[in-house]
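Participant:
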Amino acid sequence: MHRRALGFTLIELLVVIAIIAILAAILFPVFARARENARKANCQSNLKQIAMACIQYAQDYDERVVRATVTIPTSPGYVTWPYLLSPYVKSTKAFTCPSAPSHAWNGYISVTQTLGYGYNNLLRDSIPLAQITYPAQLTAFADAGRLGPVDSQGRGTGNSYYLMDWDQYQGDNAVPPYPNHSEGANFAFCDGHVKWIHNSKYADWSGTNTDTPDGMPDPALWKLQ
């Protein structure tokens, strides 16, 4: 009577390896999408905090939205909107998108942190809330079109703290939102709501400003298509 040898044959081992490879090919993209969905949700939570912080800031400062930059009499001479809104958010982690290409930080807005979100340049001069005719349609913050480190005052390199620039400020160099999340970006609107939008639906950021009564550009330039 012959006993069967214990262990796998080469064919059986190859079959097992092939099955594992097939399962990995199927499951890894699923896991990757799940992780990205989690990051997207975290990003939306961040933007919600920032949008609500801006509204709370306006309530404390004569119903005007936060300025993009503010000159101060002491060094470093100016601070930017992340620094101004930081008292209104739970953590400065809120200023970093988890899907941004690169970020590292040490618990406060520091030189090692990448600013993940941009502020609508149209709002940079602290306009009154009453001047925003369609708050549910006007973008306030979104995944940044430019990324760069910020220092302890929230100042970015170049214009990393802006979402988009119009002709009146930066010539024709408009800065669109960055598609951090599955070919799209998260947007926070002036009424505080947040949504993800596919990059094919972004409005044309490159138009010129207009002489409309409220001082805002034509709707086609800042409303979503």
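In the working numbering, the protein residues as written are 29 to 253.
Ideal Cβ positions, reconstructed from N, Cα and C, are used throughout, including at glycine.
For Ala69, which of Trp109, Glu40, Lys223 has the nearest alpha-carbon?
Facilitator: Looking at the Cα atoms, Lys223 is the closest of the given residues.
Participant: With DSSP as the reference, label Ile225 as helix, strand or coil.
Facilitator: Here Ile225 sits in strand by DSSP.
Participant: Nearest to Leu166 by CA position, among Gly144, Ala216, Thr124, Tyr145, is which residue?
Facilitator: Measuring from the Cα of Leu166, the nearest candidate turns out to be Ala216.
Participant: Given Glu40, which residues of its chain have a CB within under 7 Å of its CB, disregarding the five upstream and five downstream residues?
Facilitator: Closer than 7 Å at Cβ, skipping near neighbours: no residue.
Participant: For Thr83, collect the residues of the same chain with a Cβ closer than 7 Å to its Cβ; drop the 5 residues on either side in sequence, then sort them by chain order.
Facilitator: Note that residue 83 is Ile in the sequence shown here, rather than Thr. For Ile83, where only same-chain residues beyond five positions count, the Cβ hits under 7 Å are Gly220.
Participant: State the beta-bridge partners of Thr161 as determined by DSSP.
Facilitator: The partner list for Thr161 (beta bridge, DSSP) is empty, contrary to what the question assumes.
Participant: Hey, quick one: how far does the beta strand (DSSP E) through Phe217 stretch, first residue to last?
Facilitator: Its beta strand (DSSP E) spans residues 212-217.
Participant: Go ahead and pull the three-state DSSP assignment for Asp90.
Facilitator: Correct three-state label for Asp90: coil.
Participant: Going by beta-carbon coordinates alone, are Phe169 and Leu75 separated by less than 7 Å?
Facilitator: Yes, these two residues count as a Cβ contact at 7 Å.
Participant: Under 7 Å between the Cβ atoms of Trp109 and Tyr147?
Facilitator: Contact: yes.
Participant: Quick check: the Cα distance between Leu38 and Phe56, rounded to an integer number of angstroms?
Facilitator: Rounded to the nearest angstrom, the two C-alpha atoms are 26 Å apart.
Participant: Determine the direct distance from the alpha carbon of Asn65 to that of His209, and round the result to whole angstroms.
Facilitator: About 8 Å.
Participant: Please determine, among Ala172, Arg152, Gly212, the residue with the shortest C-alpha to C-alpha distance to Leu112.
Facilitator: Comparing Cα-Cα distances from Leu112 to each of Ala172, Arg152, Gly212, the minimum goes to Arg152.
Participant: How close, in whole Å, do the beta carbons of Asp171 and Ala213 come, if the pair is a contact with beta carbons under 8 Å?
Facilitator: Indeed, because the Cβ distance is near 4 Å, the residues count as touching under 8 Å.
Participant: In whole angstroms, what is the alpha-carbon distance linking Gln77 and Val117?
Facilitator: Those two C-alpha atoms are separated by around 6 Å.
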